[in-house]
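Data block below; observations after.
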Amino acid sequence: MLEELKQREPIFHHPEFGTTRLDYENMTDLQFWEVGASGRRYSREFVLETLENRQPDPDESKWLTRDFQCREIAADNYLITYTLVQGPRVTRRATLWRRTATGWKALYHQGTLVEPQP
Numbered sequence: 002m003l004e005e006l007k008q009r010e011p012i013f014h015h016p017e018f019g020t021t022r023l024d025y026e027n028m029t030d031l032q033f034w035e036v037g038a039s040g041r042r043y044s045r046e047f048v049l050e051t052l053e054n055r056q057p058d059p060d061e062s063k064w065l066t067r068d069f070q071c072r073e074i075a076a077d078n079y080l081i082t083y084t085l086v087q088g089p090r091v092t093r094r095a096t097l098w099r100r101t102a103t104g105w106k107a108l109y110h111q112g113t114l115v116e117p118q119p
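Under our numbering, the first residue of the sequence shown carries the number 2, and numbering increases by one thereafter.
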């Protein structure tokens with residue numbers, strides 16, 4: 002599962018899994034929600050609207066993901082965690098995924114800023 006889910010992270014940044022609102026709806030559970038690096042909570046509808054209006058990030062190809070871990074927390078439910086490095090911005094990420102008959106569905110996502118080490 003780890004290798005399969007690694008290919009989907011960072012969530013919503015892999016055009017091979019879709020780029021339209023319908024694609025994002027299909028990859029998220031109806032109860033999906035997110036906690037951003039700011040600590041704010043975002044509803045599925047807010048995330049979908051944001052994705053629909055998002056401009057491409059020219060630096061996205063330079064992002065680095067590392068330190069992946071994956072745990073099955075219930076039947077067909079997996080928690081994947083990793084570190085995302087976006088230039089000077091470093092966050093720890095966590096996504097809860099459910100394997101369904103129609104494919105993977107994200108249930109929850111969170112990003113937490115990593116403070117620079119002194």
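Ideal Cβ positions, reconstructed from N, Cα and C, are used throughout, including at glycine.
Span of the beta strand (DSSP E) around residue i
{"i": "N78", "result": "78-87"}
{"i": "E35", "result": "29-36"}
{"i": "R42", "result": "42-44"}
Contacts around residue i, its chain only, beta-carbon distance under 6 Å, and the 5 residues preceding and following it disregarded
{"i": "I81", "result": "L6, C71, T96"}
{"i": "R94", "result": "Y83, L85, G112"}
N- and C-terminal bounds of the alpha helix (DSSP H) containing residue i
{"i": "E4", "result": "3-7"}
{"i": "F69", "result": "Note, F69: premise wrong, no alpha helix (DSSP H); beta strand (DSSP E) at 65-75."}
For residue i, the nearest candidate out of the options (CA to CA)
{"i": "M2", "options": "H14, D24, E17, G104", "result": "G104"}
{"i": "F47", "options": "E116, Q8, Y25, H15", "result": "Y25"}
{"i": "N78", "options": "R99, H15, E53, D68", "result": "R99"}
{"i": "E4", "options": "V115, G40, D68", "result": "D68"}
{"i": "Q51", "options": "T92, V115, T21, T101", "result": "As written in the sequence, residue 51 is Thr, which differs from the Gln given in the question. Closest option to T51, Cα to Cα, is T21."}
According to DSSP, residues forming a beta bridge with residue i
{"i": "H110", "result": "E35, T96"}
{"i": "T51", "result": "BP columns for T51 are empty, so no partner."}
{"i": "G104", "result": "T101"}
{"i": "R90", "result": "Q87"}
Close beta carbons around residue i, own chain, < 7 Å, minus the five adjacent residues each side
{"i": "I12", "result": "T96, A107, H110"}
{"i": "Y43", "result": "W34, E35, G37"}
{"i": "R9", "result": "H15, F18, W105"}
Requested in this report: Spell out a yes or no on whether the segment 106-117 and the segment 31-39 are touching, meaning 3 or more CB-CB pairs, one atom from each, closer than 8 Å.
Outcome: yes
Query raised in the report: Touching or not, the segment 61-68 and the segment 84-102, by the rule of three or more beta carbon pairs under 8 Å?
Result: yes
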